[in-house]
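If you read the sequence shown in full-length UniProt numbering, its first letter stands for residue 1, the second for the next number, and so on.
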Amino acid sequence: MTSQLDAECEWLVANGVLPTDLVTRNRQVAEAALRPWTPVFTHGDLQITHVFVDGDQITGVLDWSEACQGDALLDLATLTLGHEEHLGDVRAGYRADVDLDVIRAWWSLRSLLAVRWLVEHGFDPWAPGCEVDVLRSSTC
1 MTSQLDAECE WLVANGVLPT DLVTRNRQVA EAALRPWTPV FTHGDLQITH
51 VFVDGDQITG VLDWSEACQG DALLDLATLT LGHEEHLGDV RAGYRADVDL
101 DVIRAWWSLR SLLAVRWLVE HGFDPWAPGC EVDVLRSSTC
């Protein structure tokens with residue numbers, strides 16, 4: 001994954017898609033997601049639209065087509081991507097140690113990897129709340 005991330009960062013800068021400082025800062029943040037982790041069963045695309053709730057209770061989760069072994073924190077990062085205001089609630093409900101720096105690292109990594117694909121497929125990663133906003137909000 002490191003080589004893929006480095007290639008995407010190089011492409012983003014070389015093609016003038018994103019400013020060098022923004023890419024460099026987020027590449028540094030993303031490094032924390034590249035740590036060793038113990039594989040667990042993950043949803044693989046745990047977005048809020050895939051989670052049903054009734055009050056404070058989760059009543060269902062759908063779209064398990066991308067389920068696989070992976071990093072549990074990637075699921076939590078996907079669930080909170082672009083919605084940092086909910087990170088505390090998700091962390092509290094997870095009932096396990098959650099490294100917020102790793103969650104933020106996954107936000108940066110995922111966003112850096114997504115920008116080119118979005119551009120090439122006619123989507124707007126600069127739209128409010130999308131990948132470029134996530135990258136801009138990242139801090140080291």
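All C-beta atoms, glycine included, are put in the ideal place defined by N, C-alpha and C.
| query | Roughly how far, in whole angstroms, is the beta-carbon of Ser-108 from the beta-carbon of Val-29, given that I think they are within contact range, below 8 angstroms? | reply | 4 angstroms
| field | Cβ-Cβ separation, Leu-34 to Met-1 (assumed contact under 8 angstroms), whole Å | value | 6 angstroms
| Exposed or buried, what is Asp-101 when buried is set at 16 or more other beta-carbons lying within 10 Å of its beta-carbon? | exposed
| Sub-8 angstroms separation of Thr-77 and Ile-103 beta-carbons | First, the residue type needs correcting, since residue 77 is Ala and not Thr in the sequence shown. Their beta carbons are under 8 angstroms apart, which means Ala-77 touches Ile-103 by this criterion.
| Can you tell me whether Cys-9 is buried or exposed, with buried defined as 16 or more other CB within 10 angstroms of its CB? | buried
| said: Please classify Glu-85 as buried or exposed, where buried requires at least 16 other C-beta atoms within 10 Å of its C-beta. | reply: exposed
| request: Note down the Cα distance separating Gly-55 from Trp-11, rounded to an integer number of angstroms. | output: 44 angstroms
| query | How about Val-51 and Val-40: do their beta carbons lie closer than 8 angstroms? | reply | no
| task | Please look up how many angstroms separate the CB atoms of Asp-75 and Thr-42, rounded, as I've assumed it's under 8 angstroms. | result | 5 angstroms
| Start and end residues, beta strand (DSSP E) containing Gln-47 | That residue, Gln-47, is in no beta strand (DSSP E); it is neither H nor E in DSSP.
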